[in-house]
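J.: Mapping to this note's numbering: the sequence shown position 68 is 65, numbers consecutive. The structure follows.
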Amino acid sequence: MDVIDTQGGRPVGKQRRNRNRILGAGGGIVIAGLLVAIVIALVNAAGGKAETAATPGAPGAPLSPANATPAGAVAIGRADAPVRLEVYLDYMCPYCGRFERANADEVGRLVAAGTVRLELYPLSFLDGRSAGTHYSTRAANAVATVADRALDKVLALNRALYAQQPKEGGAGLTDDRIAALAAEAGVPQDVVTAFGARTFEPWIARLTETAFGSGGVTGTPTVRINGKVFKGDLYTAGPLTDAVTAARGG
């Protein structure tokens, strides 16, 4: 479980260095099992759109983006890259924003160099922190749509969404603003228009449920290098790159 500083909303002790708070202001002790139950309840409340399969990619599962892995990640970079970097994120999560600002340049460089295969898991567990607008789902659906139809623009959109990240607890960006950011990031207009179909919202709901269930995720950002959770400093440039370099050497 993660212990939350009720004054600052941040994990204390070792957790402060490598784990985003599970929820926002109000803190307290959050039991992982309770969080999973809440996520499942939210999925069911969304209309049971993703009830037919235990994991993304299974028979009867929600439609997944063309470039998603069987586990549900949006995969960017060479399939034979020596390092697999998994990042579980939520676009409403302020600590994910900090992670992005600290590491985006280096991660992009490592992907371009063929060192890293980046696997993004866009989650929606903070939907309840966007004043009823389901911002996490709407932003994640935009990213999934781009992954499906314009994969080379995913990192640009990811960067743009965090550069304009709304405050947790607010209404989030409007659909029009998300579309404008995508267009500014170079996403083709026909792909931007497709955001409105909300094609991948059931997939995102299932991905979130799986991540916090069998996936073992307890908060965002969660980062894994070749399957192992990175426990170093997520919010300062350098430590993640060093860990990737070490993993490549190993």
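Ideal placement from N, C-alpha and C gives every residue a C-beta, glycine not left out.
Identify the continuous beta strand (DSSP E) that holds R221 and give its terminal residues.
T.: In the sequence shown, counting from the first residue as 1, residue 221 sits at position 224. Counting along the chain, the beta strand (DSSP E) containing R221 begins and ends at 219 to 222.
J.: At which residue ranges does the region 59 to 105 contain complete beta strand (DSSP E) runs of 3 or more residues, listed in the order of the chain?
T.: Listed in chain order, they are 71 to 73, 80 to 87.
J.: Could you pull out every residue in the same chain whose Cβ sits closer than 7 angstroms to the Cβ of Q161, ignoring the five residues on either side in sequence?
T.: Within the sequence shown, residue 161 is the residue found at index 164, counting from 1. Closer than 7 angstroms at Cβ, skipping near neighbours: L170, L178.
J.: Which value, in whole angstroms, describes the spacing of the CA atoms of L152 and G105?
T.: The residue you call residue 152 lines up with position 155 of the sequence shown. The residue you call residue 105 lines up with position 108 of the sequence shown. If you take the alpha carbons of L152 and G105, they lie about 8 angstroms apart.
J.: What does the Cβ neighbour count give for E181, buried or exposed, with the cut at 16 atoms within 10 Å?
T.: Residue mapping note: residue 181 aligns to position 184 of the sequence shown, counting from 1. Exposed is the call here.
J.: Quick check: what's the CA-CA separation for D149 versus I73?
T.: Numbered from its first residue, the sequence shown carries residue 149 at position 152. Numbered from its first residue, the sequence shown carries residue 73 at position 76. Spanning the two alpha carbons is a distance of roughly 8 angstroms.
J.: On the premise that V108 lies in contact with P218, defined as a C-beta separation below 8 angstroms, what is that separation, rounded to the nearest angstrom?
T.: Numbered from 1 along the sequence shown, position 221 holds the residue referred to as residue 218. Numbered from 1 along the sequence shown, position 111 holds the residue referred to as residue 108. Going by Cβ atoms, the distance from P218 to V108 rounds to 17 angstroms, so no, they are not a contact pair.
J.: Just to check my reading of the structure: A202 and Y118 have Cβ atoms closer than 8 angstroms, yes? What is that Cβ distance to the nearest angstrom?
T.: In the sequence shown, counting from the first residue as 1, residue 202 sits at position 205. In the sequence shown, counting from the first residue as 1, residue 118 sits at position 121. With a Cβ gap of about 13 angstroms, A202 and Y118 do not count as contacting.
J.: Spatial neighbours of T233 within its chain, please: CB distance less than 7 angstroms, with the 5 preceding and 5 following residues excluded, ordered by chain position.
T.: The sequence position of residue 233 within the sequence shown is 236, counting from 1. These residues qualify, in order along the chain: A99.
J.: In angstroms with no decimal places, state the Cα-to-Cα distance between T190 and N64.
T.: The sequence position of residue 190 within the sequence shown is 193, counting from 1. The sequence position of residue 64 within the sequence shown is 67, counting from 1. Roughly 19 angstroms separates the two Cα atoms.
J.: Using the three-state DSSP reduction, which class does L120 fall into: helix, strand or coil?
T.: Here residue 120 is taken as the residue at index 123 of the sequence shown, counted from 1. In this structure, L120 counts as strand in the three-state DSSP scheme.
J.: Would DSSP call K150 helix, strand or coil?
T.: Within the sequence shown, numbered from 1, the residue matching residue 150 stands at position 153. The answer is helix: DSSP assigns K150 an H, G or I state.
J.: What's the gap between the Cα of N155 and the Cα of A144?
T.: Here residue 155 refers to the residue found at position 158 of the sequence shown. Here residue 144 refers to the residue found at position 147 of the sequence shown. Cα to Cα, the separation comes out at about 11 angstroms.
J.: Would you identify the three-state DSSP class for R195, choosing helix, strand or coil?
T.: Counting from 1 along the sequence shown, the entry for residue 195 is found at position 198. DSSP places R195 in coil when its eight states are reduced to three.
J.: K164 bridges to which residues according to DSSP?
T.: On the sequence shown, position 167 is the one that residue 164 refers to. K164 is not bridged to any residue.
J.: Expressed to the nearest angstrom, what Euclidean distance is found between the alpha-carbon atoms of L204 and G246?
T.: Here residue 204 corresponds to residue number 207 of the sequence shown, with the count starting at 1. Here residue 246 corresponds to residue number 249 of the sequence shown, with the count starting at 1. L204 and G246: Cα-Cα distance of roughly 31 angstroms.
J.: Which two residues bound the contiguous alpha helix (DSSP H) that contains F185?
T.: Translated into positions along the sequence shown, residue 185 becomes position 188. It should be noted that the sequence gives Pro, not Phe, for residue 185. Note, P185: premise wrong, no alpha helix (DSSP H); not H, not E.
J.: Whole angstroms are fine: how far does the CA of L82 sit from the CA of G69?
T.: Here residue 69 is taken as the residue at index 72 of the sequence shown, counted from 1. Here residue 82 is taken as the residue at index 85 of the sequence shown, counted from 1. Looking at the two C-alpha atoms, the distance is approximately 14 angstroms.
J.: With distances taken between CB atoms, is the gap from V113 to V241 smaller than 8 angstroms?
T.: Here residue 113 refers to the residue found at position 116 when the sequence shown is read from its first residue. Here residue 241 refers to the residue found at position 244 when the sequence shown is read from its first residue. Closer than 8 angstroms, so yes.
J.: Helix, strand or coil: how does DSSP classify V214 here?
T.: Locating residue 214 in the sequence shown gives position 217, where the first residue counts as 1. Residue state, collapsed to three classes: coil.
J.: Starting from G246, follow the alpha helix (DSSP H) in both directions and report where the run begins and ends.
T.: For this step, residue 246 is matched to residue 249 along the sequence shown. G246 -> alpha helix (DSSP H) spans 236 to 246.
J.: What residues in its chain sit with their C-beta under 7 angstroms from that of P62, if we drop five residues either side in the sequence?
T.: By one-based count along the sequence shown, residue 62 stands at place 65. V71, A141, A144, D145, F197, listed in sequence order.
J.: Under a Cβ-count criterion, where at least 16 other Cβ atoms within 10 Å of its own Cβ denotes burial, should S127 be classed as buried or exposed?
T.: Position 130 of the sequence shown, counting from 1, holds the residue named residue 127. S127 is buried by the Cβ-count criterion.
J.: Bridge partners of L115, per DSSP?
T.: Taking the first residue of the sequence shown as 1, we reach residue 115 at position 118. Looking at the DSSP assignment, L115 forms a beta bridge with I73, L82.
J.: I need the straight-line Cα distance from C93 to A243, nearest angstrom please.
T.: As a working note, residue 93 is residue 96 in the sequence shown. As a working note, residue 243 is residue 246 in the sequence shown. In a straight line, the C-alpha of C93 is about 23 angstroms away from that of A243.
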